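Asker:
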Amino acid sequence: MEAFDKLSGEILHLVQEFSSASVFGDLTVGLTQYSFWLLVAAVVFCLVMVLFVRRASLVPHGVFVNGVEYLIDYVTNDVAKGVIGTEWRRHFPFLLTLFFFIFINNVIGLIPGMKPGTGAIGCTAALAICSFIYFVWRGCQKHGFFGYWKSLAPAGVMFPMNVFVWVIELFSLILRPITLAIRLFCNMFAGHIVMGSFAIMASLFAEPLFEQLSALNAAMALPSIAWLAILLIIYVVEMIVAFVQAYVFTILTAVYIQIAEADEH
Amino acid sequence: MKTYRSAALAAAALATANLVAPACAFAEEEGAGGIDILVPKMAEFVPALIAFLIILAVMAKLVWPQVLSMMDERERRIAESLDEAEKTKQKAIADREASDALVTDARRQAADIVLAARKDAEVERQRIVAAAHTEAEEIIAKAHANAEEERRAIFADAAAQIADLSVSVASKIVERQLDEDGEQRRLIERYIKEAGSLNAN
């Protein structure tokens, strides 16, 4: 089929479109399409929060205020209180900001024509680095600089095993921001590639029908309906993924903070 | 907020170090093929880092404290309302128990009052009946006395009339005028009295 012949080329083209391209400056100093949309999401985040603070009251009214409060409560109870425990207040601002920043970026990316700021590894790496610095800094605050690095190896392990364990734990620590960044990026990137692929398939199969109206072309365009249906399902799934990935990033950060501040590792 | 400022400074320092470093991690970003997609671009990393740190500082300073205080205030109000509701409930239960006790006491008192009233009424009835009996007996005795006195008066009057009639008849018979206030009249009256006393007996 002609549509399948064109598909591989179109998907390659799609992947290239999803690669970072500078809209201002170059790839070292400037803005890419992802960082542009990330800045847009940042502005949207500020606006949402300003609006929320103005409208928030002891008795919340309206879908907007209730929706934002639901998310805040969810992160507070499930992530901050649930994972960190009694010390949750100290980490509440960081975790909330992290969650909403990622979530709004993910949601912005779902709007057709826009891109998620979290769809580029550079952006997710920045967030992961912030998370990494935050939990290491909190660990150092709790145990002291040397105390924290020493505490990476569990107490009670005999020499020289404790050295091996310490090295393994150090690798594990370094891998944490990397896995955070790659997980979020890959999920958002792959989700948008899959959605784009099904959109391309739907248009490729329907293309002959738009060029020439015939019974054969109409029959050939029938799979487009299925591709569109799948596209819609994936779109819904991506909405869930937008929330889940923000949640996963935040809860893993909370877990790392809890580990860093724990008395015994 | 001081902690967030120092965290932001640390992150900014790291970002600056990445910028001024020989970009070893980012040097191969151009034309690295498939792996290129996993190499962070500075044009994305730096704006994202700066944007996030600014937002973190702003939110930590302006938004989250307000949200936290609102949540605390709401929690406090809810706790107070629940306490108040519990207290009101307890008070209502106590009031109800007190009112139940009052009603019970009032019913008992009412029953006592009714009982006492019945007793008093019975005493009063007996007193009234006794008084009525006494009065009736007095009336009867008085009536008997009156009747006796009346009878006596009638009898005296009748005796006087009989005496007058007898004197008149006797004077006509003996054709002799007798003195009405004389010895004959007194004899007749004594006779009638004796006859009356005999009659009374």
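Going down the list, the sequences are from chains A and B. Position 230 (the first sequence) corresponds to 1107 in this note's numbering; numbering is contiguous. Position 76 (the second sequence) corresponds to 82 in this note's numbering; numbering is contiguous. All C-beta atoms, glycine included, are put in the ideal place defined by N, C-alpha and C. Fair warning: this is a prediction, and the values are worked out from it, not measured in the lab.
For B/T94 and B/I84, what's the separation of their Cα atoms in angstroms?
Answerer: Roughly 15 Å between the two C-alpha positions.
Asker: When you compare only the Cα positions, how much space is there between B/R191 and B/N152?
Answerer: Rounded to the nearest angstrom, the two C-alpha atoms are 29 Å apart.
Asker: Please confirm if A/F978 has its CB atom under 9 Å from at least one CB of chain B.
Answerer: By this cut-off, A/F978 is an interface position.
Asker: In or out: B/K199 buried (at least 16 other Cβ within 10 Å) or exposed?
Answerer: With fewer than 16 other Cβ atoms within 10 Å, it is exposed.
Asker: Whole angstroms are fine: how far does the CA of A/F922 sit from the CA of B/R82?
Answerer: Distance between the alpha carbons of B/R82 and A/F922: 29 Å.
Asker: If I follow the unbroken alpha helix (DSSP H) through A/F1036, where does it start and stop?
Answerer: Where A/F1036 is concerned, there is no enclosing alpha helix (DSSP H), given that its DSSP letter is neither H nor E.
Asker: Are the Cβ atoms of A/E887 and A/L1081 separated by less than 9 Å?
Answerer: Closer than 9 Å, so yes.
Asker: By Cβ distance below 6 Å, which residues in the same chain neighbour B/A18 in space, the five residues on each side in sequence not counted?
Answerer: In this prediction, B/A18 scores a pLDDT of 44, lower than 50, which makes its location untrustworthy; no coordinate-derived value is stated.
Asker: With a threshold of 16 other CB atoms inside 10 Å of the CB of A/H968, please say whether the residue is buried or exposed.
Answerer: With 16 or more other Cβ atoms within 10 Å, it is buried.
Asker: To the nearest angstrom, how far is the alpha carbon of A/V1113 from that of A/M991?
Answerer: Using only the alpha carbons, I get a separation of about 17 Å.
Asker: With the cut-off set at 9 Å, would you say A/T995 and A/L915 are in Cβ contact?
Answerer: Yes, the Cβ-Cβ distance between A/T995 and A/L915 is below 9 Å.
Asker: Examine the Cβ distances between the region 1093-1109 of chain A and the region 1070-1079 of chain A and report whether three or more of them are shorter than 8 Å.
Answerer: These segments touch.
Asker: Mapping DSSP to helix, strand and coil, what is B/E189?
Answerer: Here B/E189 sits in helix by DSSP.
Asker: Rounded to whole angstroms, what is the Cα-Cα separation between B/V173 and B/A166?
Answerer: Taking the straight line joining both Cα atoms gives about 10 Å.
Asker: Which of helix, strand or coil does DSSP assign to A/L908?
Answerer: A/L908: strand per DSSP, three-state reduction.
Asker: Nearest CA to the CA of A/G902: which residue from A/S896, A/E964 and A/F913?
Answerer: A/G902 has its Cα closest to that of A/F913, out of A/S896, A/E964 and A/F913.
Asker: B/S172 by DSSP, collapsed to three states: which one?
Answerer: Helix.
Asker: Shorter than 9 Å from the beta carbon of B/D42 to some beta carbon of chain A?
Answerer: Yes, B/D42 counts as interfacial toward chain A.
Asker: Could you tell me whether the region 87-105 of chain B touches the region 936-955 of chain A, where touching means 3 or more Cβ pairs closer than 8 Å?
Answerer: With the cut-off at 8 Å, the region 87-105 of chain B and the region 936-955 of chain A do not touch.
Asker: Consult DSSP for A/V936 and reduce its assignment to one of helix, strand or coil.
Answerer: Coil.
Asker: Using a Cβ-Cβ cut-off of less than 9 Å, list which residues of the region 68-90 of chain B approach chain A; keep chain order.
Answerer: Of all residues in the region 68-90 of chain B, L68, V69, W70, P71, Q72, V73, L74, M76, M77, E79, R80 and R83 have a Cβ within less than 9 Å of some Cβ in chain A.
Asker: Name the chain B residues whose beta carbon is nearer than 7 Å to that of A/T905?
Answerer: Under the 7 Å cutoff, chain B gives M48 and A49.
Asker: Report the neighbours of A/I998 on chain B: residues whose CB is nearer than 9 Å to its CB, in chain order.
Answerer: Within 9 Å Cβ-Cβ: I43, L44, V45, P46, K47, E50 and F51.
Asker: If I'm right that A/V925 touches A/I1006 with Cβ under 8 Å, what's the distance once you round it to whole angstroms?
Answerer: Not a contact, Cβ separation roughly 25 Å.
Asker: Looking at the strands, I want to know which residues DSSP matches up with A/G1024.
Answerer: Answer is none; A/G1024 lacks a bridge partner.
Asker: Any idea what DSSP makes of A/V900, helix, strand or coil?
Answerer: It is a strand residue.
Asker: For B/V109 and chain A, any beta-carbon pair shorter than 9 Å?
Answerer: Closer than 9 Å: no.
Asker: Using the beta-carbon count (16 or more within 10 Å), is A/L1129 buried or exposed?
Answerer: Result: buried.
Asker: To the nearest angstrom, report how far apart A/V956 and A/K1019 are at their CA atoms.
Answerer: In a straight line, the C-alpha of A/V956 is about 20 Å away from that of A/K1019.
Asker: Measuring only between beta-carbons, confirm whether B/A29 sits less than 9 Å from chain A.
Answerer: Confidence at B/A29 is low in this model, with a pLDDT of 37, below 50, so its placement is unreliable and no value can be given for it.
Asker: What do you get for A/S1101, buried or exposed, if any count of 16 or more other CB atoms within 10 angstroms of its CB means buried?
Answerer: So A/S1101 counts as buried.
Asker: Mind pulling the alpha helix (DSSP H) runs of 4 or more residues that sit fully within the region 46-89 of chain B?
Answerer: For the region 46-89 of chain B, whole alpha helix (DSSP H) runs of length 4 or above, ordered along the chain, are 48-64.
Asker: Is the Cβ-Cβ distance between A/I1070 and A/L904 less than 9 Å?
Answerer: No, the Cβ-Cβ distance between A/I1070 and A/L904 is not below 9 Å.
Asker: So with Cβ pairs under 9 Å, would you call A/V927 a contact of chain B?
Answerer: Yes, A/V927 counts as interfacial toward chain B.
Asker: List the residues of chain B whose Cβ lies closer than 7 Å to the Cβ of A/F969, in chain order.
Answerer: Within chain B, the residues near A/F969 are W70 and L74.
Asker: Does B/I119 come within less than 9 Å of chain A when only Cβ atoms are used?
Answerer: Closer than 9 Å: no.
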